[in-house]
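Number 10 in the working numbering belongs to position 26 of the sequence shown; there are no gaps in the numbering. Here a beta-carbon is modelled for each residue, glycine too, at the ideal position from N, C-alpha and C. Notes follow the structure.
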Amino acid sequence: YVRVEFNTTGCYDIVELDLIVNPLPNATQPNYAQYTLCDYNGSIGFETFDLASQVAAVLLGQTGMSVTFYPSLTDAENDTNAINVSHPDLQYPNQIIYVQTLGIRITNSITGCYSISTMDIRVVPLPTPIPPTAPFTICDENQDGFSGFDLTSLTTDILQGAPYILTFHETLTDAQQGNTPIDTSVLYNNINPFVQILYVRA
């Protein structure tokens, strides 16, 4: 209760005062601590990130909240230099090579209460497998242009000790999309006689 009194007359009135403590939005970082893209665009260490696609992961099912991204934690704390992700076509290119820590502000649209967290946007370098220096050749005992090839015998030379996962594909499109990898647990029988090109995805 609040008592308001005139200094000169002593007359007063009493009114109720509600004290309301609103909960902060939930900002559980481990659920969205990192947003990773492969380094495909040719500008080494830099990619363009669709931050709007991460809003649902940030909110964790909370409603009545707005999410704002910032280039740094300091910007989020000071509410400066906000990244505008309201336009569906807007993409954000990272400003720091390979890894940049963004600030995030989650705000309750009714109370104005907010929580601050961070999310790393990370550009991962592409694998660099070593292509064989010579064609994989075997003798054609039947003279028909077809035979079985042990593709696993190539992996050591291609990987050169790197921790990549290799898959072999019959077409470039399949290799690019990761579709229909060749089963290397058995010998691969070429489908084009005498000479055939295979593609390796690492």
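Could you work out which residue in Thr20, Phe178 and Thr155 is closest to Gln188 when comparing CA atoms only?
Residue numbering for the chain in the displayed model covers -15 to 186; residue 188 lies beyond these limits and cannot be assessed.
Could you please give the first and the last residue of the uninterrupted beta strand (DSSP E) stretch that includes Asp158?
Unbroken run through Asp158 is the alpha helix (DSSP H), Leu156 to Gln161; no beta strand (DSSP E).
Residue burial classification, Gln18 (beta-carbon count within 10 angstroms, cutoff 16):
exposed
Secondary structure at Leu86, three-state DSSP: helix, strand or coil?
strand
Find the nearest neighbour of Ile175 within the set Ser37, Tyr183 and Gly129, judged by alpha-carbon distance.
Gly129
Asp23 beta carbon less than 8 Å from that of Pro109
Yes, Cβ-Cβ distance for Pro109 and Asp23 is below 8 Å.
Using CA coordinates, which residue listed in Ile166, Ala41 and Tyr148 is at the minimum distance from Thr155?
With distances taken between Cα atoms, Thr155 lies closest to Ile166.
What's the call for Leu171, buried or exposed, on a 16-neighbour Cβ count within 10 Å?
Of the other Cβ atoms in all chains shown, fewer than 16 fall within 10 Å of the Cβ of Leu171; this residue is therefore exposed.
The beta strand (DSSP E) spanning Asp141 covers which residue range?
Where Asp141 is concerned, there is no enclosing beta strand (DSSP E), although the alpha helix (DSSP H) it sits in stretches over Thr139 to Leu143.
Residue from Thr95, Gln75, Arg89 and Ile122 with nearest C-alpha to Val246:
The first residue shown for the chain is -15 and the last is 186, placing residue 246 beyond what the model contains.
Under a Cβ-count criterion, where at least 16 other Cβ atoms within 10 Å of its own Cβ denotes burial, should Gly132 be classed as buried or exposed?
exposed
Measure the CB-CB distance between Leu35 and Tyr98 and report whether it falls below 8 Å.
Cβ distance not < 8 Å, so Leu35 and Tyr98 don't count as in contact.
Between Leu143 and Ala40, what straight-line distance do the alpha-carbon atoms span, to the nearest angstrom?
38 Å
Nearest to Tyr54 by CA position, among Leu86, Thr140 and Ile94, is which residue?
Leu86
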